[in-house]
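Reading through the structure tokens given below for one structure.
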Amino acid sequence: MDVLIVIAIVAVVVIVVLAVLAALIFGGLRSSIFFTVRTQENVIVERFGKFKKVAKPGLNTKVPFVETTTRPISLRVQQLEVNIETKTKDNVFVTVPVAVQYVVGEQNVVDAYYRLANPEEQIRSYVFDTVRSALSTLTLDSAFESKDDIASSVEQRLSESMATYGFRIVNTLVQDISPDQRVRDSMNSINAAQRDRVAAQALAEADKIKRVTQAEAEAESKRLQGEGVAAQRKAIAIGIAEQYEMLRRAGIENTAEQLLLMTQYFDTMQDVARNGRSNVLFLPSNPGTIGDMTAEIRNSLLAAQEVEYARDQSDTDIEADNRQGDHDRRIEAQRRQAEEARYSHQSAAQAAAGHAQGHPQGAARLPQRPDRHPGN
Numbered sequence: 001m002d003v004l005i006v007i008a009i010v011a012v013v014v015i016v017v018l019a020v021l022a023a024l025i026f027g028g029l030r031s032s033i034f035f036t037v038r039t040q041e042n043v044i045v046e047r048f049g050k051f052k053k054v055a056k057p058g059l060n061t062k063v064p065f066v067e068t069t070t071r072p073i074s075l076r077v078q079q080l081e082v083n084i085e086t087k088t089k090d091n092v093f094v095t096v097p098v099a100v101q102y103v104v105g106e107q108n109v110v111d112a113y114y115r116l117a118n119p120e121e122q123i124r125s126y127v128f129d130t131v132r133s134a135l136s137t138l139t140l141d142s143a144f145e146s147k148d149d150i151a152s153s154v155e156q157r158l159s160e161s162m163a164t165y166g167f168r169i170v171n172t173l174v175q176d177i178s179p180d181q182r183v184r185d186s187m188n189s190i191n192a193a194q195r196d197r198v199a200a201q202a203l204a205e206a207d208k209i210k211r212v213t214q215a216e217a218e219a220e221s222k223r224l225q226g227e228g229v230a231a232q233r234k235a236i237a238i239g240i241a242e243q244y245e246m247l248r249r250a251g252i253e254n255t256a257e258q259l260l261l262m263t264q265y266f267d268t269m270q271d272v273a274r275n276g277r278s279n280v281l282f283l284p285s286n287p288g289t290i291g292d293m294t295a296e297i298r299n300s301l302l303a304a305q306e307v308e309y310a311r312d313q314s315d316t317d318i319e320a321d322n323r324q325g326d327h328d329r330r331i332e333a334q335r336r337q338a339e340e341a342r343y344s345h346q347s348a349a350q351a352a353a354g355h356a357q358g359h360p361q362g363a364a365r366l367p368q369r370p371d372r373h374p375g376n
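Just so we're aligned, residue 1 is where the sequence shown starts under UniProt numbering, counting upward by one.
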């Protein structure tokens with residue numbers, strides 16, 4: 001009986017112990033011993049606040065009540081948005097949103113966790129300082145053109161600074177440079193005015209090319225038209241000459257002009273009838289006046305010939321008068337020369353006679369020069 005009681009007591013104790021162990025294992029104790037780490041994350045295990053190890057992804061263990069774990073440290077690429085308000089060289093306040101993409105290296109988890117208390121604020125400080133330093137030396141227009149250079153400067157400085165703390169800068173993006181709304185409106189107005197000016201110049205150049213091309217086309221058309229008219233007139237003249245020659249050989253030379261004019265008349269009337277838009281006639285409207293027109297043409301030709309003959313005769317008479325006047329002037333000059341010679345001879349003879357008679361002064365009176373006669 002006593003043995004049974006002892007066995008029962010032992011069994012109850014064992015059951016209680018097993019229940020307590022089960023409760024500890026499958027309850028809070030299990031969570032104190034075992035823990036899991038997700039992919040692309042690391043967890044630091046500390047023993048009494050001192051670094052013990054880095055737990056990798058998967059199932060890990062720790063000593064309960066002795067070791068503790070830190071928050072998970074992500075190994076994925078993270079992005080930090082930083083909005084910076086600063087002033088450019090030409091005193092324009094702008095807002096620059098910068099996106100910094102960074103990652104913690106797997107071998108640098110300990111430095112990334114222990115060396116920086118707040119890594120995001122540290123990155124913000126570097127971005128603020130770098131962007132403000134860069135924009136202070138650039139005007140607004142230069143800042144828009146140098147956006148990629150600013151991003152490269154920020155990335156270079158962050159990479160050098162944050163590498164010490166276990167962070168690797170993947171990329172730095174300057175998303176925009178946003179000035180005040182009024183400044184943007186002014187810039188848009190300036191750009192619109194410049195584009196309008198370029199458009200006006202392009203339109204003017206196009207209109208110039210159009211006008212020059214049209215003028216060249218008109219000049220070429222007129223040149224070709226003139227050549228065509230000249231060729232037509234030449235062909236007509238050749239045709240009329242051939243027809244006149246044919247009529248002359250046919251023995252109707254006296255009436256050839258009337259026949260040709262009659263033929264041209266009927267051709268013209270036929271063209272007027274064919275082209276209804278013609279409303280001007282350069283020839284009489286009935287055949288009966290062809291003879292009158294022929295007579296007028298013949299009279300005009302004869303009058304022109306008479307005028308030409310009279311002009312030639314007048315020129316001939318003028319030339320004859322000129323030649324006669326030249327002959328008279330030559331005769332007059334010869335007469336004057338003869339009188340001069342005679343006067344000189346008489347003067348010399350009288351002077352010699354005076355000396356011979358004892359007149360030291362020569363002749364008392366000399367004959368008068370021919371050019372001093374009253375008639376001259």
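Here a beta-carbon is modelled for each residue, glycine too, at the ideal position from N, C-alpha and C.
Per-residue DSSP class, three states only, for residue i
{"i": "residue 115", "result": "coil"}
{"i": "residue 11", "result": "helix"}
{"i": "residue 35", "result": "strand"}
{"i": "residue 16", "result": "helix"}
{"i": "residue 177", "result": "coil"}
{"i": "residue 202", "result": "helix"}
{"i": "residue 140", "result": "helix"}
{"i": "residue 78", "result": "strand"}
{"i": "residue 154", "result": "helix"}
{"i": "residue 226", "result": "helix"}
{"i": "residue 188", "result": "helix"}
{"i": "residue 239", "result": "helix"}
{"i": "residue 69", "result": "strand"}
{"i": "residue 100", "result": "strand"}
{"i": "residue 91", "result": "coil"}
{"i": "residue 215", "result": "helix"}
Counted within 10 angstroms of its Cβ, other Cβ atoms place residue i as buried (16 or more) or exposed
{"i": "residue 4", "result": "exposed"}
{"i": "residue 113", "result": "buried"}
{"i": "residue 42", "result": "buried"}
{"i": "residue 219", "result": "exposed"}
{"i": "residue 250", "result": "exposed"}
Integer-rounded CB distance, given that residue j should sit under 8 Å from residue i
{"i": "residue 378", "j": "residue 81", "result": "For the chain, the structure presents residues 1 to 376; residue 378 sits outside this window and is missing."}
{"i": "residue 89", "j": "residue 137", "result": "6 Å"}
{"i": "residue 53", "j": "residue 66", "result": "Not quite, the Cβ-Cβ distance comes to about 13 Å (not below 8 Å), so this is no contact."}
Distance between residue j and residue i (C-alpha atoms, nearest Å)
{"i": "residue 192", "j": "residue 174", "result": "26 Å"}
{"i": "residue 152", "j": "residue 134", "result": "11 Å"}
{"i": "residue 63", "j": "residue 160", "result": "39 Å"}
{"i": "residue 39", "j": "residue 189", "result": "54 Å"}
{"i": "residue 97", "j": "residue 194", "result": "29 Å"}
{"i": "residue 69", "j": "residue 116", "result": "18 Å"}
{"i": "residue 237", "j": "residue 225", "result": "18 Å"}
{"i": "residue 162", "j": "residue 32", "result": "35 Å"}
According to DSSP, residues forming a beta bridge with residue i
{"i": "residue 330", "result": "Beta-bridge pairing links residue 330 to no other residue."}
{"i": "residue 64", "result": "Residue 64 pairs with nothing; no bridge assigned."}
{"i": "residue 49", "result": "According to DSSP, residue 49 bridges with nothing at all."}
{"i": "residue 134", "result": "In the DSSP output, where bridge partners are listed per residue, residue 134 has none listed."}
Cβ of residue i within 8 Å of any chain C Cβ
{"i": "residue 88", "result": "Absent from the structure is chain C; it holds one protein chain and no more."}
Closer than 7 Å: residue i CB and nearest the ligand HEM heavy atom
{"i": "residue 271", "result": "Annotation note on the ligand HEM: not contained in the displayed structure, which lists no ligands."}
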